[in-house]
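In the working numbering, the protein residues as written are 457 to 626. All C-beta atoms in this analysis are idealised placements derived from N, C-alpha and C, irrespective of residue type, glycine included.
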């Protein structure tokens, strides 16, 4: 591949708009976002357990090989979404790589929490048509929110520091 980058990674979390961003990017020619390739429960998208010849067991054995295959076997610029609970071995591989573009997508944590609670209650995890938007009253659990916030913030705070460190090392 020519250009500045071989791949891109969207660092995000649930309910930040990453599905929408992925769909929008996939509408562009020469870009292909594979979803949450390193989600512990699936590969790429919900109920998908194989990608580019890698099943869950093979991905667990050699996650870096799957990432490298995304680059080698994609026409155009491959990408993926990466959340705080995805395989850290991949993170160690991509953060120092200047040929992997990094995008950090965030949303107000209270809005993400409320959106997640509504999605869990309504079963509507993805909205493709606003006319079918479901609403629900939820109970705000401050302890649950604090736990979610701690996990997300520790990951998000480490990302910029890691990226700044990488830039300084050049």
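Near residue i, what residues of its chain come up, given a Cβ to Cβ distance below 6 Å and the 5 sequence neighbours on each side ignored?
{"i": "residue 530", "result": "488"}
{"i": "residue 581", "result": "575"}
{"i": "residue 492", "result": "537"}
{"i": "residue 563", "result": "472"}
{"i": "residue 590", "result": "578, 580"}
{"i": "residue 459", "result": "none"}
{"i": "residue 510", "result": "522"}
Among the residues of its own chain, which have a CB less than 7 Å from the CB of residue i, if the five just before and after it don't count?
{"i": "residue 608", "result": "469, 540, 565"}
{"i": "residue 570", "result": "594"}
{"i": "residue 577", "result": "592, 594"}
{"i": "residue 549", "result": "520, 523"}
Hey, does residue i have any beta-carbon neighbour from chain C nearer than 9 Å?
{"i": "residue 484", "result": "In the structure shown, chain C cannot be found, because there is only a single protein chain."}
Which word fits residue i, buried or exposed, when buried means at least 16 other C-beta atoms lie within 10 angstroms of its C-beta?
{"i": "residue 596", "result": "exposed"}
{"i": "residue 626", "result": "For residue 626, the pLDDT reaches just 41, beneath the cut-off of 50, and the residue's location in the model is therefore unreliable, leaving the point undetermined."}
{"i": "residue 480", "result": "exposed"}
{"i": "residue 534", "result": "buried"}
{"i": "residue 623", "result": "Unreliable placement is indicated for residue 623, whose pLDDT of 46 sits below 50; the coordinate value is still reported in the next sentence. By the 10 Å Cβ count, residue 623 comes out exposed."}
{"i": "residue 560", "result": "exposed"}
{"i": "residue 543", "result": "buried"}
{"i": "residue 545", "result": "exposed"}
For the beta strand (DSSP E) that residue i lies in, which residues bound it at each end?
{"i": "residue 560", "result": "556 to 560"}
What does DSSP give as the partner residues of residue i in its beta bridges?
{"i": "residue 466", "result": "537, 559"}
{"i": "residue 487", "result": "533"}
{"i": "residue 492", "result": "500"}
Between which two residues does the alpha helix (DSSP H) containing residue i stretch?
{"i": "residue 479", "result": "474 to 482"}
Next on the checklist: Which runs of the beta strand (DSSP E) at least 3 residues long sit entirely within the stretch 496 to 584? Give them in chain order.
Outcome noted: Scanning the stretch 496 to 584 from its first residue to its last, the whole beta strand (DSSP E) runs of 3-plus residues come out as 533 to 538, 556 to 560.
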